[in-house]
Amino acid sequence: MMSMKVTFLGGAGEYGRSSFLLEYSQGTVMVDCGVMKKDVPMKEKYPLLRQRDARKIDAVFVTHSHEDHTLALPWLSRLGYRGPVFATGQTIKQTKRYISSWRKNQRNIPYSPADERRLAFVKLPDYRTNEWLRFNDHLTFKYGRSGHTAGSVWFAFHADSQTVFFSGDCSLESTLLSYEWPKIQQVDLAVMDGAYGDFDADQAELLGEAAAAVAVAASSGEQVLFQVPSVGKSQELLAACAKQHIPLYADSGVSKGCEELAESPDWLNGEDTRTFFRRIARPGSPVTKVQKPSDVQPGSAGFFTAETLLAHKERLTGKNVHLFSAGPEDEELKNFACQASIPYTKFKLKVHPGLRENQRLVSMLRPVRTVFTHGTPENVQRLIGKMPGCSEYVACSCGDTVDVKADLGEKQALRGKSK
Ligand SMILES: [Zn+2]
Ligand SMILES: [Zn+2]
C-alpha cells in the first residue's frame, strides 16, 4: 500500500499562501490555494506551484474564503487546472467577492479575468457534514464546520487505508460560529492551524473585556468608534456589546456582514446568537446602519471598517472620540489617532485556536503525526513544546513533503511519541 503524501506549497513556517498537495496511489488533490497578503516578492506571494503540478490535480478543496486560502485559485487556473473547486455555498460566495476586489486593488496579477471565470466551483451542501463522501473509487472525504467564518470547514481524506485531517483555520471557542467535532476513527496525519503559537486565553473572557471597556467609555459619554473587518470579529464583538445594552451603530459593510450571518443560522453558535442576527435583518434592528462616524451619538458605539473611518478622519478630531481595534490594525488609522491625540485602545480576540484548543483537538484526534501550519517557525516551536505527547510533531517549511507512513529523518521529527 502506498503511503499518502502531503506537500506544503505554502503556509508552512509562514503566515499566508496556505496550499497543500495531497497525493494518494490513484491521484492528487489540493487543499486551499492562497496568497501571502503582505508585501513580498512575487515568488513568495503565490504557492510553490509548477505547471505540471497544476495539471495533475484532480480536485481542489477550499476550507474557507480568506485571501490566504483562496486568492491563488485564478493563478492555478492560469497554470492549466480545469477541475472542480469544492467549497461550501457561503465560501464560494465570499471567495468570488475576494477575487474581484483583489483584482481591483493589486497592480501585478499573474492571471487574467478569463482565468478567474474558468474556476469551476462546486458546492458542498451544508447538511452533509461529518459524513464520509465518495470522491472516486479510491478516495473518500468528509468535512465539518470549523468556527472560523460562515462557511469555513475542516476536511478529512481517506485513501490507501490512511486518513489525513486538515483543520483549516479554526476556532473551537468562537461565541459567534459553531465548531463541529470531527467524527474520525483514526488519523495518520493532522495538518493543524498554529497561527497563534502557544498563545493561551479564553475567548469569552477576551470578548467580555472588550465589551466591558466599550461600555465604560460609552457610559462616560464618549463616542466609541470600533475599527473592525467587515466580517468575522466585528459580528462577534457586536453581539457581545449588545449584551451590555449600549446603543450600537454599524457602517454598510459591517451591516451587510450581519445580514449575511442572519441568512446562515446553521453556522451560528447558540440560539441567542441566532436571535440577535435574525433581529438585525428586520425593521427595528438593535444595530443602526449609518454612513459615517459622525452619525454615532455620544454614549454609543459604532463599528466601522478602517476605510470608512479614514474617509472621514478629518471629522474625528476635536470631539469626545475613542478609537478601539481588535485587529487587524490599520497602520494609517493608528498613526492618525496618535498624531491627533485621539485615545486608541487595542484588544486581542481569537479567530484561530489558542494553545488549549489545539491541545483538545490533538488529544481527541490522536493523530500519529501532526504538522502545525500558518505560523512562524518560532511560534510553531513554542506551541509544539506544550502539546500532549500522543502525537509525533513534525516541523515543515514550504516545499517539504511528509510521507504519511514513511520514517521521518531526524531533521523533521521534533518531539512526541517514539517511532
Ligand atoms: Zn482565515
Ligand atoms: Zn488563514
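1627 is the number that this note's numbering gives the last residue of the sequence shown; the numbers go up by one with no jumps.
Every residue gets a Cβ at the ideal spot worked out from N, C-alpha and C, and that includes glycine.
Computed from a predicted model, the values in this text were never measured in an experiment.
- Under DSSP, M1238 shares a beta bridge with L1229 and V1268.
- Boundaries for M1250: no beta strand (DSSP E) harbours it, while the alpha helix (DSSP H) harbouring it runs M1250 to K1253, taken from the DSSP string.
- DSSP places Q1370 in the uninterrupted beta strand (DSSP E) bounded by Q1370 to F1374.
- Counted as a single uninterrupted DSSP element, the beta strand (DSSP E) harbouring M1400 occupies residues L1397 to D1401.
- D1377 has its CB nearer than 7 Å to a heavy atom of ligand 1.
- Looking from the CA of A1514, the closest CA among Q1302, P1437, L1217 and I1265 belongs to P1437.
- Spatial neighbours of R1342 in its own chain (CB-CB distance under 7 Å, excluding positions within 5 residues in sequence) are listed in chain order as T1348.
- For S1442, the enclosing alpha helix (DSSP H) has its first and last residue at K1441 to A1450.
- Spanning the alpha carbons of G1478 and T1215 requires a straight line of approximately 37 Å.
- The straight-line gap separating the alpha-carbon atoms of L1557 and Q1411 is approximately 7 Å.
- With distances taken between CA atoms, P1494 lies nearest to E1467 out of S1354, A1519, E1467 and L1476.
- In this structure, L1569 is the residue among L1569, P1318, T1578 and S1233 with its C-alpha nearest to the C-alpha of E1381.
- Remark: fewer than three beta-carbon pairs, one from each stretch, lie closer than 8 Å, so the stretch 1386–1401 and the stretch 1420–1430 are not flagged as touching.
- In the three-state scheme derived from DSSP, where H, G and I count as helix and E and B as strand, A1420 is classed as helix.
- Every candidate alpha helix (DSSP H) stretch fails here, since none sits fully inside the stretch 1342–1391 while reaching 4 residues.
- In this structure, A1614 and S1211 form a Cβ contact; the two beta carbons are roughly 5 Å apart against a cut-off of 8 Å.
- With a threshold of 16 other beta carbon atoms within 10 Å, W1340 falls short and is exposed.
- Using a C-beta cut-off of 8 Å, the stretch 1237–1248 makes contact with the stretch 1271–1291, since at least three inter-stretch Cβ pairs fall below that distance.
- Contact between the stretch 1250–1260 and the stretch 1214–1230 is present: three or more C-beta pairs spanning the two stretches fall below 8 Å.
- The Cβ atoms of I1550 and L1524 sit closer than 8 Å to each other.
- In the three-state DSSP reduction, D1406 falls in the coil class, being neither helix nor strand.
- W1389 sits away from F1373, with the two beta carbons spaced by 8 Å or more.
- A straight line joining the alpha-carbon of R1263 with that of G1291 spans about 9 Å.
- For the pair R1487 and A1470, the Cα-to-Cα distance works out to about 8 Å.
- With a threshold of 7 Å, the Cβ atom of S1493 does not count as near ligand 2, since no heavy atom of the ligand is closer than that.
- DSSP, reduced to helix, strand and coil, places H1277 within a helical segment of the structure shown.
- When secondary structure is reduced to three states using DSSP, D1323 falls in the helix class.
- The Cβ atoms of S1533 and Q1435 lie closer than 8 Å to each other.
- Beta-carbon to beta-carbon, R1564 and D1408 are separated by about 6 Å, close enough to satisfy the 8 Å threshold.
- Annotated as distal: T1483 and L1384, with beta-carbon spacing of 8 Å or more.
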